[in-house]
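This report refers to the structure that appears directly beneath it.
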Amino acid sequence: MTTTTSPLPIRWADALLTALAPMIWGSTYIVTTQLLPPDRPFTAALIRVLPSGLLLLLYARRWPARRDWGRLVVLSALNIGAFQALLFVAAYRLPGGLAAVVGAIQPLLVMGLAWGVEQRRPLATTAWAALAGVVGMGVLLLSPGTVFEPVGILAALAGAASMAMGTYLTRRWRLDMPVLALTGWQLLLGGLMLAPVAWLADAPLPALTMWQTLGYLYLSIAGALLAYALWFRGIARLAPVAVSSLGLLSPLTAVVLGWVLLGQAIKGVAFVGLAMVFASILAVQWTASRS
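To convert, note that position 288 of the sequence shown is 288 in UniProt numbering; the numbers rise steadily by one, no gaps.
Quick look at the structure:
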C-alpha cells in the first residue's frame with residue numbers, strides 16, 4: 001500500500017524561501033541612505049542588476065529559445081528595468097512609509113489581472129486578506145505629517161503595477177528555462193535598459209569609499225543575484241497572489257532594521273499595523289494554497 005504526501009508542507013517551505021527575497025530587499029533603504037552616494041537612483045539600480053545578471057549567465061550558460069525572446073524582453077522590462085527605475089524614483093521622493101503603502105496594493109493588482117484575463121475570481125478571504133495588508137501598512141507607517149508628492153506617488157503606483165504584471169506574466173508564460181538562467185537574462189536585459197537612463201539622468205559617480213563599494217556589492221550580490229533567484233523560483237512554485245503578498249515583508253524588514261540599527265522606534269498603534277500585515281501575509285498564503 002502506498003501513501004501520498006500532502007503538498008502543503010512543501011508549499012510552506014517554498015513560501016519561506018521566497019520570503020527571503022523581499023526581506024533582503026527591505027534592507028535596500030538603510031543601505032542606500034547610510035552607505036551609497038546620494039541622488040543617483042538609476043546608477044544604484046544599474047549597479048544592482050547588471051553585474052549580477054552577467055555572473056548568473058556565466059554560470060547558467062543557457063540561451064533562450066528563439067520564440068521566447070520577445071516575452072523575455074517584456075518580463076525584463078516589467079520585473080527589472082521599469083520596476084527598479086520607478087522604485088528608486090519613489091524612494092528618493094517619498095517617505096519610506098508612503099512608498100510602502102502604495103506598493104502594498106500589488107497583491108490586489110495580481111488578483112485583478114487573474115480575474116480580468118483568465119476569469120479566475122479570487123476567493124473573498126484572499127481579497128480581504130490582501131486589503132487588510134494595505135490597511136495594516138497604512139496604520140504602521142503613515143502619520144498626519146506625511147507629504148504626498150505627486151511624482152513620487154505616480155512612480156510608486158507605476159512600480160507596483162509593473163511588478164504585479166511581471167509576476168503574473170512570469171507565471172502565466174512559464175518560459176522553458178532553468179530559474180538561474182531566467183533570472184540572469186532578466187537582470188542583464190533589465191540592466192541594459194537602465195544603462196542609458198543612468199548615463200543621461202544621474203551625475204557621474206565620485207571616487208568610492210570602502211563602505212560605498214561594500215554597499216554596492218551587497219545590493220548586487222544579495223539584493224539582486226540571490227534575491228531575484230529566490231523570487232523567480234517562488235513564482236514558478238506558488239500562486240502569483242501568494243508571491244506578491246510576500247512583498248509586504250520588504251517594508252516590514254525596513255521598519256525593523258530602522259528600529260534596531262537607527263533607533264527609529266515603533267510605538268503604540270504601529271504595533272497593531274505590524275500585526276495586521278503579518279496576519280494578511282499568512283492568510284493570503286493559506287487561502288492561496290487552498291484555492
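Where is the CB? At the ideal position from N, CA and C, for every residue including glycine. Here the structure is a predicted model, which is why all the values come from computation and not from measurement.
Classification of residue i by the beta-carbon crowding that lies within 10 angstroms, buried from 16 upward
| i | result |
| --- | --- |
| LEU230 | buried |
| LEU252 | buried |
| TYR59 | exposed |
| PHE271 | exposed |
| GLY263 | exposed |
| GLY138 | buried |
| LEU217 | exposed |
| PRO204 | exposed |
| GLY152 | buried |
| PRO206 | exposed |
| VAL117 | exposed |
Rounded straight-line distance, which links the Cα of residue j to that of residue i
| i | j | result |
| --- | --- | --- |
| VAL179 | GLN34 | 32 Å |
| ALA102 | TRP63 | Residue 102 is actually Val in this sequence, not Ala. Rounded to the nearest angstrom, the two C-alpha atoms are 36 Å apart. |
| MET163 | GLY191 | 16 Å |
| SER245 | TYR92 | 24 Å |
| ALA254 | TYR29 | 7 Å |
| VAL241 | GLU149 | 28 Å |
| LEU20 | ILE105 | 20 Å |
| LEU208 | ASP176 | 40 Å |
| ILE235 | VAL243 | 6 Å |
| ALA161 | LEU109 | 7 Å |
| LEU123 | LEU16 | 22 Å |
| ALA114 | THR170 | 13 Å |
| TRP185 | LEU157 | 25 Å |
| VAL269 | LEU189 | 43 Å |
| THR32 | GLY215 | 7 Å |
| ARG11 | ASP202 | 42 Å |
| LEU57 | GLY81 | 17 Å |
| GLN119 | LEU72 | 25 Å |
| ALA155 | LYS267 | 29 Å |
| GLY247 | THR183 | 18 Å |
| LEU54 | MET165 | 25 Å |
| ARG121 | TRP286 | 17 Å |
| LEU46 | LEU36 | 13 Å |
| ARG67 | ARG61 | 18 Å |
| PHE83 | ALA65 | 25 Å |
Short Cβ contact (8 Å threshold) for residue i with residue j
| i | j | result |
| --- | --- | --- |
| VAL284 | THR126 | yes |
| ALA279 | ALA132 | yes |
| GLY159 | LEU87 | yes |
| ALA44 | LEU219 | yes |
| ALA23 | GLY136 | Per the sequence shown, residue 23 should be read as Met rather than Ala. Not closer than 8 Å, so no. |
| LEU194 | ALA85 | yes |
| VAL49 | ALA227 | no |
| ILE281 | LEU249 | yes |
| LEU257 | GLY70 | no |
| LEU94 | GLY273 | no |
| ALA129 | MET111 | no |
| ARG233 | THR18 | yes |
| SER52 | LEU261 | no |
Helix, strand or coil at residue i according to DSSP, with G and I counted as helix
| i | result |
| --- | --- |
| THR125 | helix |
| TRP286 | helix |
| MET210 | helix |
| GLY112 | helix |
| TRP259 | helix |
| GLN34 | helix |
| VAL269 | coil |
| PRO107 | helix |
| PRO7 | The predicted position of PRO7 is uncertain, since its pLDDT is 49 and thus under 50; a value taken from the coordinates is nonetheless stated next. In the structure shown, PRO7 sits in coil (DSSP, three-state: anything other than H, G, I, E or B). |
| MET1 | Residue placement at MET1 is poorly supported in this model, since its pLDDT is 42, which falls under 50; the coordinates are not used for a value here. |
| LEU16 | helix |
| GLU149 | coil |
| ALA239 | coil |
| GLN84 | helix |
| ASP176 | coil |
| GLY26 | coil |
| ALA65 | coil |
| GLN186 | helix |
Closer than 8 Å to chain C by CB, residue i
| i | result |
| --- | --- |
| ALA124 | Of the protein chains in the structure, only one exists, and it is not chain C. |
Examine the Cβ distances between the segment 203-218 and the segment 72-85 and report whether three or more of them are shorter than 8 Å. Counting C-beta pairs closer than 8 Å gives fewer than three between the segment 203-218 and the segment 72-85, which falls short of the contact rule.
Worksheet entry | the segment 32-49 / the segment 187-205 touching (three or more Cβ pairs under 8 Å) | For the pair of segments examined, the segment 32-49 was found to touch the segment 187-205: the number of CB pairs separated by less than 8 Å reaches three.
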